[in-house]
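**Student:** Position 516, counted from 1, in the sequence shown is what my numbering calls 517; the numbers after and before it change by one each time, with no gaps.
Okay, here's the structure, questions in a sec.
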Amino acid sequence: MRRNRIRGPQSALTDFLASNNISAHQIHQDYRRRVREAEEREATEQETAEQEESQHEADDDFEETHAGKSPEQKKKRKRKEATTLAKIKQSKEFTRRKSRRLMDVADDDSDEEDDDDDDMIAKDMIDEKSRPMPGQLENCEKCGKRFTVTPYSRAGPNGGLLCAKCSKEVADEGKKAVPKKRGPRSGRRQVQSNLLDGIIQYGSMSLVEMCTKKVVENIDDVEEFGDLPSPLLHRLSQILSKRRVLTSRTLDFFLRPELHSIDIYDCAKLETDDFQKIFAYMPSLTQVNLRYAGQLKDRVLEYMMGQNPQIKHLQFDAVNLVTDACWRQVFQKYGPQLESVKLSNLDYSFDDETVEELCKHCTGLRRLKLTQCWKTGDRSLKAIAGLNSLEHLSLNFVEETSKEELGDTILNVGSNLQTLSLDGFHHADDHVLGLVHSMCHSLVKFRLSDNAVCTDQAYAQLFTGWQNPPLEYVDLSSTRDVDYSNPDGPEEPIGLASQGFVALMDHSRSKIQKLNIASCRHVSREAFEEVFSEGKKYPHLTELDVSFNTVMDDFLIGSIFRCCPAIKKLVAFACFNVRDVRVPAGVALIGGLRAQGPIVVEGGYQK
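Structural data, given as structure tokens:
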């Protein structure tokens, strides 16, 4: 009687195998057979390699012992070695390793070097076959401890294997040997830039400064500035302009219809349409300040005249594509409503006739600044003399002008001036300084630089008994005799010298804030010692430039720090005797032999 076989439920895979006459038991047996054959084949190859290696070693020992006595044995050894290498070169593993080597190493045209590489790969494979297989026991090369070989066992420096403990120690030593990557350094260039700007910062930055810096660093990811106040927008414009990253895209962040001013300090990457977009988006503008605006053309100013009727302050730099005819239309359009005009670096247009048109229509002008305008001269000075409402006048002409026209200008407009800046007027003489003394009684800022005609006696007379209040800003740089064959100068000093310097500091001691006497090389050491002697104080002096005054040394610089408790920036280029002066905390010393080192001094002078 036949027994009934009870079967449980079968899976879909079991049904599939049974329907196709596939036996799981047979699959398992085939797998075990293939594994056994592979192990036997590998053992056979290893035994053959060991026998060949032992034979090679015996042949080497025999050759060392019987050198020159058995050339047949030597040839036999070489033939066996060549046969073994040839067999290995025909294997698939050799082909794979060679292809990887070619990917990592640049190809060489030499066939001999290619053959040497092939032999090296084959010999490495022979060495690997002679190593213990995973699961076998081996002695550690470093500590001698017996351990079980695994696929992750690390090779030692002499070709042996290391135990797990020694492998970890070797790995840790390797990590220590690799130098750590340094993070981003605080840029030396930025530090020097801050020094030139008179910025010395201790401790962490304020939250506003940190956020502003982070915004500038990631300006490409910013979509808009949001409702930032005008001071922060102005600061961002300064930083972006300084880094030369203000483009057509970033310009859009500053265009707000409700704002009345626009200040872009670097327009070098803006196109003509970008300038027109400024006036289109900001119809309420009253103040325009665009620097390095090389692509600003006539049609932009024509659009401005039609779109922005309320403009009162204009400042342009390097707008050399604007014609004289267009400038005249601007002055005719805005006329008396213009309160300030500042133009600089104009070499193509803006001639004397245009200045005359400016002075004819802009009768209410309070501030006029014309610097590096190549086509202006005596006619322009004569026209400026008619602007009786001027309060601030800054001139720097390329063409030579006469001292008579300059004197007439000061005679006519000097009484109302609060700023008088004359740079590069080489023919201005003592008579001009006399007119300043007699006519200008409201000056806060005075500049007369790059002049080699006015004498030290005239400077002394200017500041002695002058009815003008103490000056806050003084620039008398490069006023000296230019005869380099006589560095001490003539008997009667030319330019600002000792008497004029002493008279200046006596007159403006109480309010002077910024002083530039660079290249006034005829000021003596005795004059500096008198001005900055013990007991004298200049409470508001924050910036001082004494560059190229060779009498400066550590003692005089220390006297300046003592007498100027509010000083923040001291420039001393080419003062070669300034070596080891102690710099108070918060003061930027620029120049001197060691100015590039870290300027950190504990404590400071008592204030």
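Every residue, glycine too, gets a C-beta built ideally from N, C-alpha and C.
Mind checking who Arg155 pairs with in its DSSP beta bridge?
**Tutor:** Leu163
**Student:** Spell out a yes or no on whether the stretch 515-530 and the stretch 539-550 are touching, meaning 3 or more CB-CB pairs, one atom from each, closer than 8 Å.
**Tutor:** yes
**Student:** Please report the distance separating the alpha-carbon of Phe280 from that of Asn309.
**Tutor:** 7 Å
**Student:** Cα separation between Leu163 and Asp173?
**Tutor:** 14 Å
**Student:** Taking the C-alpha atoms as reference points, what is the distance between Asp489 and Ala573?
**Tutor:** Cα-Cα distance, rounded: 20 Å.
**Student:** Closest to Glu405 by C-alpha separation, out of Asp424, Gln419, Asp430, Leu421, would be which residue?
**Tutor:** Asp430
**Student:** Looking only at its own chain, which residues have a Cβ that is under 7 Å from the Cβ of Leu391, when we skip the five neighbours before and after it?
**Tutor:** Leu366, Arg367, Leu369, Val414, Asn417, Leu418
**Student:** Would you call the CB atoms of Arg522 and Phe549 closer than 9 Å?
**Tutor:** yes
**Student:** Which residues does DSSP list as the beta-bridge partners of Gly592?
**Tutor:** For Gly592, which the question treats as bridged, DSSP gives the partners Ala573.
**Student:** Note down the Cα distance separating Ala319 from Phe577, rounded to an integer number of angstroms.
**Tutor:** 37 Å
**Student:** Go through its chain and collect everything with a Cβ distance to Leu434's Cβ below 6 Å, but skip five positions before and after it.
**Tutor:** Cys455, Ala459, Leu463
**Student:** By alpha-carbon positions, which one of Ile591, Thr149, Asp581, Arg580 ends up nearest to Lys569?
**Tutor:** Distances from the alpha-carbon of Lys569 to those of Ile591, Thr149, Asp581, Arg580 put Ile591 closest.
**Student:** Can the beta-carbon of Asp451 be found less than 9 Å from the beta-carbon of Gly425?
**Tutor:** Contact check for Asp451 against Gly425 passes: the beta carbons are separated by less than 9 Å.
**Student:** Can you tell me the Cα-Cα spacing of Asn487 and Arg526, whole angstroms?
**Tutor:** 18 Å
**Student:** Compare the C-alpha of Val588 against each of Gly559, Cys268, Asp253 and name the closest.
**Tutor:** Gly559
**Student:** With DSSP as the reference, label Arg97 as helix, strand or coil.
**Tutor:** helix
**Student:** Among Pro491, Phe254, Asp299, whose alpha-carbon lies nearest the alpha-carbon of Asp222?
**Tutor:** Nearest Cα to Asp222 within the set Pro491, Phe254, Asp299: Phe254.
**Student:** Using the C-alpha atoms, what's the distance from Glu535 back to Val342?
**Tutor:** 45 Å
**Student:** Tell me which same chain residues have a C-beta within less than 7 Å of the C-beta of Asp299, skipping the five on either side of it?
**Tutor:** Val323, Thr324, Cys327
**Student:** Output the boundary residues of the alpha helix (DSSP H) element that contains Leu234.
**Tutor:** Leu234 -> alpha helix (DSSP H) spans 231-243.
**Student:** Could you pull the start and end residues of the beta strand (DSSP E) that Lys370 belongs to?
**Tutor:** 368-374
**Student:** Return the first residue and the last residue of the beta strand (DSSP E) that Ile263 is part of.
**Tutor:** 262-265
**Student:** Cα separation between Leu138 and Thr149?
**Tutor:** 5 Å
**Student:** Looking only at its own chain, which residues have a Cβ that is under 7 Å from the Cβ of Leu122, when we skip the five neighbours before and after it?
**Tutor:** At residue 122 the sequence reads Ile, which differs from the Leu that was named. Around Ile122: Phe95, Arg98, Lys99, Arg102.
**Student:** Taking 6 Å as the limit between beta carbons, can you name the residues of its chain near Arg155, skipping five residues before and five after?
**Tutor:** Apart from the 5 residues on each side of it in sequence, Arg155 sits with its Cβ closer than 6 Å to the Cβ of Leu163, Ser168 in its chain, given in chain order.
**Student:** Ignoring anything shorter than 3 residues or poking outside the stretch 433-518, list the beta strand (DSSP E) runs there in chain order.
**Tutor:** 446-450, 474-476, 515-517
**Student:** Roughly how far, in whole angstroms, is the beta-carbon of Thr377 from the beta-carbon of Ser345, given that I think they are within contact range, below 8 Å?
**Tutor:** About 12 Å; that fails the 8 Å criterion.
**Student:** Provide the residue span of the beta strand (DSSP E) that contains Thr420, from first to last.
**Tutor:** In the DSSP annotation of this structure, the continuous segment of the beta strand (DSSP E) that includes Thr420 starts and ends at 420-424.
**Student:** Report all residues from its chain with a CB closer than 6 Å to the CB of Asp16; omit the five preceding and five following residues, and keep chain order.
**Tutor:** Excluding residues within five positions, none has a Cβ falling inside 6 Å.
**Student:** The ligand PLP and Gly501: does any heavy atom of the ligand fall closer than 8 Å to the residue's C-beta?
**Tutor:** Questions concerning the ligand PLP fall outside what the structure shown contains, since it holds no ligand whatsoever.
**Student:** Note the first and the last residue of the continuous beta strand (DSSP E) segment covering Ser395.
**Tutor:** 393-398
**Student:** To the nearest angstrom, how far is it from the Cα of Val483 to the Cα of Ala453?
**Tutor:** Cα to Cα, the separation comes out at about 7 Å.
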